[in-house]
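Asker: I'd like to ask some things about the structure below.
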Amino acid sequence: MGEAFEDSRKQPKYNPEDEDEDGTFYKEGLDEPTRRAFEYVDAQDKKNDLEPEKYNKAYLKRLLTAVEKNFALNTDQRLKYKDEPLKFMDSEHQLHGSIKMLSVLSETDLYQELIDSGSIPTIVELISHEDDLIAQETVIVLSDLFDDSQVVSSYENREKLADSLIEQGLLSTLSSFLQRFSENPDSEDAVPVYDFLDNLVTLESVPTKILTEQGLINTLVSRIADSRSADKSPSKLTSAELLFVLLLANPSKITGLVTDVVVSQKGFVDILLTEVSKIRSISPRNTSEEEEFYENMFNILCLVVRNTAGKDSFADNEGVELMVILMKVSKWAKSRALKVLVDASKGYSAGVIAENIVQSGGLKPLFSLFAKTEDRSVLSNILWVLSSLLRWLDIDSPERIRVIGKFLEKEGAKLRKTVTLRANLRKSVDAIKADISRERKSMESDTDIDEDTILQFETASDARLVEAGLEMLQNIDIILLWLYIDGGETKTMVLTMLDQNDQSLENIKSTINSYISSLKPLTDTQPADTDHELLEAVREAREYVEMLQALHDY
Numbered sequence: 052m053g054e055a056f057e058d059s060r061k062q063p064k065y066n067p068e069d070e071d072e073d074g075t076f077y078k079e080g081l082d083e084p085t086r087r088a089f090e091y092v093d094a095q096d097k098k099n100d101l102e103p104e105k106y107n108k109a110y111l112k113r114l115l116t117a118v119e120k121n122f123a124l125n126t127d128q129r130l131k132y133k134d135e136p137l138k139f140m141d142s143e144h145q146l147h148g149s150i151k152m153l154s155v156l157s158e159t160d161l162y163q164e165l166i167d168s169g170s171i172p173t174i175v176e177l178i179s180h181e182d183d184l185i186a187q188e189t190v191i192v193l194s195d196l197f198d199d200s201q202v203v204s205s206y207e208n209r210e211k212l213a214d215s216l217i218e219q220g221l222l223s224t225l226s227s228f229l230q231r232f233s234e235n236p237d238s239e240d241a242v243p244v245y246d247f248l249d250n251l252v253t254l255e256s257v258p259t260k261i262l263t264e265q266g267l268i269n270t271l272v273s274r275i276a277d278s279r280s281a282d283k284s285p286s287k288l289t290s291a292e293l294l295f296v297l298l299l300a301n302p303s304k305i306t307g308l309v310t311d312v313v314v315s316q317k318g319f320v321d322i323l324l325t326e327v328s329k330i331r332s333i334s335p336r337n338t339s340e341e342e343e344f345y346e347n348m349f350n351i352l353c354l355v356v357r358n359t360a361g362k363d364s365f366a367d368n369e370g371v372e373l374m375v376i377l378m379k380v381s382k383w384a385k386s387r388a389l390k391v392l393v394d395a396s397k398g399y400s401a402g403v404i405a406e407n408i409v410q411s412g413g414l415k416p417l418f419s420l421f422a423k424t425e426d427r428s429v430l431s432n433i434l435w436v437l438s439s440l441l442r443w444l445d446i447d448s449p450e451r452i453r454v455i456g457k458f459l460e461k462e463g464a465k466l467r468k469t470v471t472l473r474a475n476l477r478k479s480v481d482a483i484k485a486d487i488s489r490e491r492k493s494m495e496s497d498t499d500i501d502e503d504t505i506l507q508f509e510t511a512s513d514a515r516l517v518e519a520g521l522e523m524l525q526n527i528d529i530i531l532l533w534l535y536i537d538g539g540e541t542k543t544m545v546l547t548m549l550d551q552n553d554q555s556l557e558n559i560k561s562t563i564n565s566y567i568s569s570l571k572p573l574t575d576t577q578p579a580d581t582d583h584e585l586l587e588a589v590r591e592a593r594e595y596v597e598m599l600q601a602l603h604d605y
């Protein structure tokens with residue numbers, strides 16, 4: 052804004068006490084078009100005061116007409132008196148007031164009428180207004196229209212309104228508005244935009260569209276990377292949360308972020324790791340805001356390292372080494388860093404990750420935690436990593452020999468715990484399988500059961516088995532078969548300990564056989580060439596089944 056306009060902002064702002072006795076603005080010195088516009092709005096206000104408002108199409112038209120007229124008037128006066136801001140200040144106040152009136156729409160079901168009104172382009176354009184207060188008020192009003200806690204309109208109408216706003220350039224306009232605060236990223240004036248985006252991403256169709264708006268994504272990443280912002284600042288917190296929600300809704304966009312987003316010469320993964328590395332010198336539990344921020348950082352990393360490009364960048368930027376360090380030095384970060392290693396070590400491109408885990412000293416904290424903890428979720432994650440290590444490390448490599456040695460040291464203490472854990476999990480899983488079998492037979496005898504009910508039952512049954520420890524059991528059996536294949540003393544110890552716990556190699560192979568069968572629907576899938584995410588999942592499943600079959604047939 053020009054210097055003259057900045058000076059004008061220091062003048063007293065509009066106050067109702069400054070109005071004439073009849074409630075109208077003081078109009079002396081205004082030109083004729085301005086006077087007529089004010090008189091029109093004043094007349095409408097007086098008419099509306101006589102009876103309660105009815106939130107109908109006519110009411111919406113009056114609100115939008117006021118906005119359109121006031122915007123046109125303000126635009127005209129800004130052009131006419133661009134060096135005399137005092138002459139367009141009153142029209143600015145009037146425009147601000149008419150925008151504020153639109154907030155009542157959140158209490159109505161007039162969203163479709165708003166879409167059909169033709170005023171959507173004007174509303175989006177108002178976010179670009181030179182007056183920050185007008186742009187901000189427009190964002191606040193729009194945000195209220197998508198606030199689950201107060202709107203009465205249906206989800207479908209909210210989604211239609213969001214689509215209509217986005218078609219008119221909403222996302223790029225919001226990105227431009229945020230750029231106004233690039234020198235002061237923690238400005239409270241920017242908070243409404245983050246709140247608005249937070250409301251928008253609850254709509255299913257929106258995340259994908261936001262992820263295609265490169266300018267907006269760059270802005271969110273820049274806020275995370277900005278060293279001037281405290282880790283508990285609203286802009287940084289919300290940017291991290293938004294990115295997590297966006298990527299969770301559409302992981303296929305991760306490759307684009309990894310390859311295209313560069314802020315201050317740092318790539319996306321490097322930025323994430325830089326932020327997470329700060330945990331070494333702070334305790335996130337000092338404040339709930341800091342904890343929330345770093346929780347989102349770890350959640351984003353978990354999503355990113357599942358992606359091939361993300362996995363490669365994670366390895367190149369020494370992400371494995373950082374996670375191993377965090378497991379050693381931060382009690383709060385230990386389980387979270389472990390979860391990142393789980394996701395990084397899965398998939399057909401995880402060979403380098405497996406090598407890095409061993410070479411960076413990751414075996415010591417992994418096996419130490421395995422020996423001490425009884426936490427089911429932590430044990431499950433450790434087993435995933437150990438299973439992946441044995442899958443990816445070359446048969447005769449020093450790294451693989453070190454992994455196997457950890458199971459055998461101290462007279463096979465870690466192997467003994469693995470086999471004992473298997474025995475307990477087997478009992479738990481078998482009990483749930485028996486319950487499910489009885490329930491399934493009962494359902495099959497009921498001729499009134501429909502397909503949806505059967506599908507829901509099968510989905511719930513799968514969840515019950517996982518809760519009972521089926522995935523842990525599967526990973527243990529993969530680990531034990533790899534150790535058995537190693538031969539010699541390792542093979543002997545595996546067989547001996549299985550026998551001591553009333554288990555056998557046949558029990559293990561039975562688990563593996565069932566595992567192969569459960570993956571068949573995915574391996575038989577023929578995805579379209581354009582569905583890269585599903586293509587990658589099918590490819591991984593097929594390679595995984597090949598490994599399982601080889602272990603089973605050994």
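With the numbering used here, the residue at position 418 of the sequence shown is 469, and numbering never jumps.
In this text, a Cβ means the ideal position worked out from N, Cα and C, and glycines have one as well.
Here the structure is a predicted model, which means the values were calculated and not measured.
(1) Excluding the 5 residues flanking H180 on each side, which residues of the same chain have their C-beta closer than 6 Å to its C-beta?
(2) Taking DSSP as the reference, what is the three-state secondary structure of G520?
(3) Can you look up G318 in the DSSP assignment and give me helix, strand or coil?
(4) Short of 7 Å in beta carbon distance, which residues of its chain neighbour D195, apart from the five on each side in sequence? Order them along the chain.
(5) According to DSSP, simplified to helix, strand and coil, what is V312?
(6) If you reduce the DSSP assignment to three classes, tell me which class R129 lands in.
(7) Hey, is the stretch 442-451 in contact with the stretch 472-490, meaning 3+ C-beta pairs nearer than 8 Å?
(8) Return helix, strand or coil for Q525, following the three-state DSSP convention.
(9) What does the Cβ neighbour count give for K461, buried or exposed, with the cut at 16 atoms within 10 Å?
(10) Between V355 and V309, how many whole angstroms is the CB-CB distance? I'm expecting something under 8 Å.
(11) Could you tell me which uninterrupted alpha helix (DSSP H) segments, each at least 4 residues in length, are contained entirely in the stretch 327-381, listed from first to last along the chain?
(12) Could you check what DSSP says for H583 in three-state terms: helix, strand or coil?
(13) Specify the secondary structure class of E72 as computed by DSSP and reduced to three states.
(14) Please name the residue, chosen from T306, D528, G456 and L377, that lies closest to G539 on a Cα-to-Cα basis.
(15) On a CA-only basis, which of E594, G412, E210 and M544 is nearest E450? Give me that one, please.
(16) Locate the alpha helix (DSSP H) running through Y245, then write down its first and last residues.
(17) From what residue to what residue does the alpha helix (DSSP H) around F418 run?
(18) With a floor of 4 residues, list each alpha helix (DSSP H) that falls wholly inside the stretch 539-569, ordered by position along the chain.
(19) Enumerate in chain order the residues of its own chain whose CB-to-CB distance from K64 is below 7 Å, with the five nearest sequence positions on each side excluded.
(20) Relative to the C-alpha of F421, which residue among A384, K465 and V409 is closest?
(21) Please check the pair M523 and L434, which I expect to be a contact at CB under 8 Å, by giving their CB distance rounded to whole angstroms.
(22) Measure how close the beta-carbons of N368 and L324 come, nearest whole angstrom, since I'm counting them as under 8 Å.
(23) Quick one: measure Cβ to Cβ for A291 and F344, integer angstroms, because I've assumed they're closer than 8 Å.
(24) Assign V203 to one of two classes, buried (16 or more other C-beta atoms within 10 Å of its C-beta) or exposed (fewer than that).
(25) Quick check on DSSP: helix, strand or coil for E102?
(26) Taking 9 Å as the cut-off, decide whether the C-beta atoms of G361 and V320 are in contact.
(27) Skipping 5 residues on each side, what residues in its chain have a beta carbon closer than 6 Å to that of L392?
(28) Considering only the alpha carbon of each residue, which of S233, L248, S238 and L602 lies closest to S273?
(29) What number of angstroms, rounded off, separates the C-alpha of I174 from the C-alpha of T189?
(30) Using DSSP with H/G/I as helix, E/B as strand and the rest coil, what is G204?
(31) For the alpha helix (DSSP H) that contains S238, what are its first and last residues?
(32) Have a look at D214 and S332 and give me their C-alpha separation to the nearest angstrom.
(33) Note the first and the last residue of the continuous alpha helix (DSSP H) segment covering T159.
(34) What are the boundary residues of the alpha helix (DSSP H) that F405 is part of?
(35) Quick check on DSSP: helix, strand or coil for E264?
(36) Might you give, ordered along the chain, the residues of its own chain that have their beta carbon closer than 6 Å to the beta carbon of T576, omitting 5 neighbours on each side?
Answerer: The short version:
(1) Excluding sequence neighbours, H180 sits near A186.
(2) coil
(3) Strand.
(4) Closer than 7 Å at Cβ, skipping near neighbours: S154, S157 and Q201.
(5) coil
(6) helix
(7) no
(8) helix
(9) exposed
(10) Right, their Cβ atoms sit about 7 Å apart.
(11) 339-355, 359-367 and 370-380
(12) helix
(13) Residue confidence for E72 is low, a pLDDT of 43 falling below 50, so the modelled location carries little weight and cannot support an answer.
(14) G456
(15) G412
(16) V242 to L251
(17) L414 to K423
(18) 539-551
(19) Confidence at K64 is low in this model, with a pLDDT of 40, below 50, so the placement of that residue is unreliable and no value is reported for it.
(20) K465
(21) 6 Å
(22) 6 Å
(23) 5 Å
(24) exposed
(25) Annotation note: pLDDT 46 at E102 (below 50); position unreliable, coordinate value reported separately. E102 falls in the coil class under three-state DSSP.
(26) yes
(27) M374 and V436
(28) S233
(29) 7 Å
(30) It is Ser, not Gly, that sits at residue 204 in the sequence shown. DSSP places S204 in coil when its eight states are reduced to three.
(31) S238 -> no alpha helix (DSSP H), and no H or E assigned at all.
(32) Taken atom to atom, the span from the alpha-carbon of D214 to that of S332 is near 44 Å.
(33) First-last for T159: undefined, no H or E at that position.
(34) Rather than Phe, the amino acid found at residue 405 in this sequence is Ala. From DSSP, the alpha helix (DSSP H) with A405 extends over G402 to Q410.
(35) coil
(36) Counting only Cβ-Cβ distances below 6 Å, and skipping sequence neighbours, we find V589.
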